[in-house]
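Structure, as structure tokens:
Residue numbers (the working numbering): 38 to 580.
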């Protein structure tokens, strides 16, 4: 009898057996009673279900099911008797067979999809949190065998299979999982511009959206972050996501468990990732952290020592770019917390030695951030910085110096001095970048950085002559940039005065031997610098 039930109902009998098992203990809940009732109804179809099945069979015998119109009639008949899942399955089979060739069939599909989603939606609309899930695989498992025969007759066994596409019904707060390519095309064609549906190309995209939602939620909303992660993990497991995708879900779950100080559960979660990927440095770092927080100091010390060796492994050439972030940060933090500062310095120095050339400057900055965060000795950084700066400096060099200004100010200032020494008449091109980096240096009192920049610009202004009008433009434009900066008035008022003095000296030096461009440059710069209201003496002299 049990075997017969399994053959007719597939997974429905298992749910019924579970309900019966729970009831045998004398603690039968309302939910288990309802499950048992549903199982009984599926095992023994009601008179209405039998009658509907006969009606559908008679309609199919007229060969109307071979047309799109016939599929619509079958679905309408099932819908009128409140068998919404059967109606959807029939019209979906029609879409599989006829595609988008019949507009009426497509409209019926959209309507019946909305009806089954409505039945899944929560009674009270949720303000936030992950959507409810509607798996087409589960929907087909719940349909009685007597109706599956009609669906098979319409479009064959392919119509009973779930696809890999998804759609989020925003207003209902429900995501439908398992759409086929034919359904996907219908939804794309018929819902162009609609904001009620959000098309999702596959399970992987849906899972990554859930992980991103969890990541983007405020740390103060721990329950909401955890609910998004659980939603993504369940979707991944239900739809057979790849091991890599599942490991992403588990890693995020481990981080959340650590934030919630559930250290033993975090330990188990990290171990689960390591079963999938034994060489995962992120999982090992989380495991070591969990062990340390859970009081397993010896195990944690062993794990972190193995992790340090893995980071230092020379043949791991891609490690620096792939695992420099959170795994390394956790490892260094744990070493410092364990009072193993020397080991932390050795590890960072080893990784620093692998940074070569301008293309790896962002990795250098990542390591520098760890030195600064944990108050470690920065001698290795200071000695490494010049080798990553080009001569003449390029865009990457300036970005690196700006990033490192606060972390290693002395080394940056020494490098700037090299570029300042190279500046001179006809070689003022990099002066604006030099002053920009100078303003990033922690000189102390607010405005002192601008004061140092002003001193440099005055030195450059003293070397400007009409022989090189471009030098005048570069220095004046940089002085103008400081006029609009948020610096103390006592310093800011010095910049327009310097411009006025520079233009006066330049005009006095003009002679008939200079080109037209040299004569035209001061008037143009004066208009730009003083917003149409230049000092009277300067204006008169230029005129």
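Even glycine gets a Cβ: it sits at the ideal position worked out from N, Cα and C. The model shown is predicted, which means the values in this text are computed figures rather than measured ones.
Query raised in the report: Just reading off the beta strand (DSSP E) that residue 17 is part of, what are its end residues?
Result: The displayed coordinates of the chain run from 38 to 580. Any statement about residue 17 would go beyond what the structure contains.
Query - alpha helix (DSSP H) runs contained entirely in the region 165-205, provided each spans 4 or more residues - result: The region 165-205 is shown to contain whole alpha helix (DSSP H) runs of 4 or more residues at 173-179, 182-192, in chain order.
Query raised in the report: At which residues does the alpha helix (DSSP H) containing residue 540 begin and terminate?
Result: Where residue 540 is concerned, the enclosing alpha helix (DSSP H) starts and stops at 531-546.
Query raised in the report: Do residue 329 and residue 288 come within 8 angstroms of each other at the CB atom, strictly closer than that value?
Result: For residue 288 and residue 329, no; Cβs fall outside 8 angstroms.
**Report entry** 3-residue-minimum beta strand (DSSP E) runs that sit fully inside the region 375-412, ordered along the chain
**Finding:** DSSP assignment within the region 375-412 yields no whole beta strand (DSSP E) run of 3 residues or more.
**Report entry** Rounded separation between residue 121 and residue 274 - CA only
**Finding:** In this structure, the CA atom of residue 121 is about 27 angstroms from the CA atom of residue 274.
Query raised in the report: Which class does residue 69 belong to by DSSP, given the choice of helix, strand or coil?
Result: Below a pLDDT of 50, predicted positions are generally treated as unreliable, and residue 69, at 46, falls in that range; no measurement from the model is reported.
Report task. Quickly, what does DSSP pair residue 213 with across the bridge? List them, please. Result -> The beta-bridge partner set that DSSP reports for residue 213 consists of 171, 204.
Report task. Indicate whether the contact test is met: 3 or more Cβ pairs, each with one atom in the region 145-160 and one in the region 238-255, closer than 8 angstroms. Result -> No contact exists between the region 145-160 and the region 238-255.
Query - Bounding residues of the alpha helix (DSSP H) (the contiguous stretch that carries residue 275) - result: Element bounds for residue 275: 259-275.
Query raised in the report: Which word fits residue 555, buried or exposed, when buried means at least 16 other C-beta atoms lie within 10 angstroms of its C-beta?
Result: Sixteen is the threshold: when 16 or more other Cβ atoms of the shown chains lie within 10 Å of the Cβ of residue 555, as they do, the residue is buried.
Requested in this report: Identify the continuous alpha helix (DSSP H) that holds residue 497 and give its terminal residues.
Outcome: Counted as a single uninterrupted DSSP element, the alpha helix (DSSP H) harbouring residue 497 occupies residues 485-498.
Query raised in the report: The alpha helix (DSSP H) spanning residue 134 covers which residue range?
Result: In the DSSP assignment, residue 134 falls within the alpha helix (DSSP H) that extends over 121-135.
Query raised in the report: Helix, strand or coil: which one does DSSP assign to residue 505?
Result: DSSP, reduced to helix, strand and coil, places residue 505 outside both helices and strands of the structure shown, so it counts as coil.
**Report entry** Rounded distance between the beta-carbons of residue 519 and residue 498, thought under 8 angstroms
**Finding:** Between residue 519 and residue 498 the Cβ distance is about 13 angstroms, and since that is not below 8 angstroms, they are no contact.
Query - Distance CB(residue 341)-CB(residue 368) smaller than 8 angstroms - result: Contact: yes.
Query raised in the report: Between the beta-carbon of residue 170 and the beta-carbon of residue 272, is there less than 8 angstroms?
Result: Contact: yes.
Query raised in the report: How many angstroms separate the CA atom of residue 401 from the CA atom of residue 532?
Result: One C-alpha to the other measures close to 36 angstroms.
Query - Supposed close pair residue 248, residue 269 - CB separation, criterion 8 angstroms - result: With 8 angstroms as the limit, residue 248 and residue 269 qualify as a contact, their Cβ atoms being about 5 angstroms apart.
Requested in this report: To the nearest angstrom, report how far apart residue 380 and residue 421 are at their CA atoms.
Outcome: Spanning the alpha carbons of residue 380 and residue 421 requires a straight line of approximately 19 angstroms.
Query - Rounded separation between residue 218 and residue 108 - CA only - result: Straight-line Cα distance between these residues: approximately 19 angstroms.
Query raised in the report: If we count Cβ pairs, one from each stretch, closer than 8 angstroms, do we get three or more for the region 189-205 versus the region 171-181?
Result: As far as the Cβ criterion goes, the region 189-205 touches the region 171-181, which means the pair count is three or higher.
Query raised in the report: How far does the alpha helix (DSSP H) with residue 12 in it reach, from first residue to last?
Result: Nothing can be reported for residue 12: it is not among the residues displayed for the chain, which extend from 38 to 580.
Query raised in the report: According to the neighbour-count rule (16 or more other Cβ atoms, all chains shown, within 10 Å of its Cβ), is residue 127 buried or exposed?
Result: Residue 127 should be labelled buried.
**Report entry** residue 342, DSSP secondary structure in three states
**Finding:** Residue 342: helix per DSSP, three-state reduction.
**Report entry** Three-state class that DSSP yields for residue 139 in the structure shown
**Finding:** Residue 139: coil per DSSP, three-state reduction.
Query raised in the report: Excluding the five sequence neighbours on either side, which residues of its own chain have a C-beta within less than 7 angstroms of the C-beta of residue 344, listed in chain order?
Result: Once the five neighbours on either side are set aside, the close Cβ partners of residue 344 are 318, 321, 322, 325, 368.
Requested in this report: Put residue 461 into one of helix, strand or coil per three-state DSSP.
Outcome: The answer is coil: DSSP assigns residue 461 none of H, G, I, E or B.
Query raised in the report: Can you find at least 3 beta carbon pairs, one from the region 249-260 and one from the region 200-218, that sit closer than 8 angstroms?
Result: Remark: fewer than three beta-carbon pairs, one from each stretch, lie closer than 8 angstroms, so the region 249-260 and the region 200-218 are not flagged as touching.
Requested in this report: Kindly indicate which three-state DSSP category residue 299 falls into: helix, strand or coil?
Outcome: Reduced to three states, the DSSP call for residue 299 is coil.
Query raised in the report: Rounded to the nearest angstrom, how far is the Cβ of residue 478 from that of residue 446, given a contact under 8 angstroms?
Result: Correct: roughly 5 angstroms between the Cβ atoms.
Report task. For residue 565, name the three-state secondary structure that DSSP assigns. Result -> Here residue 565 sits in helix by DSSP.
Query raised in the report: Under the three-state reduction of DSSP, which class applies to residue 281: helix, strand or coil?
Result: In the structure shown, residue 281 sits in a helix (DSSP, three-state: H, G or I).
Report task. Tell me, to the nearest whole angstrom, how far the beta carbon of residue 453 is from that of residue 474; I am working on the premise that it is less than 8 angstroms. Result -> 6 angstroms between Cβ atoms; contact.
Query raised in the report: Thinking just about the alpha-carbon of each residue, which of 166, 222, 256, 193 is nearest to the one in residue 6?
Result: The displayed coordinates of the chain run from 38 to 580. Any statement about residue 6 would go beyond what the structure contains.
Query raised in the report: Who are the Cβ neighbours of residue 438 in its own chain at under 6 angstroms, not counting the five residues just before and after it?
Result: Contacts found: 449, 474.
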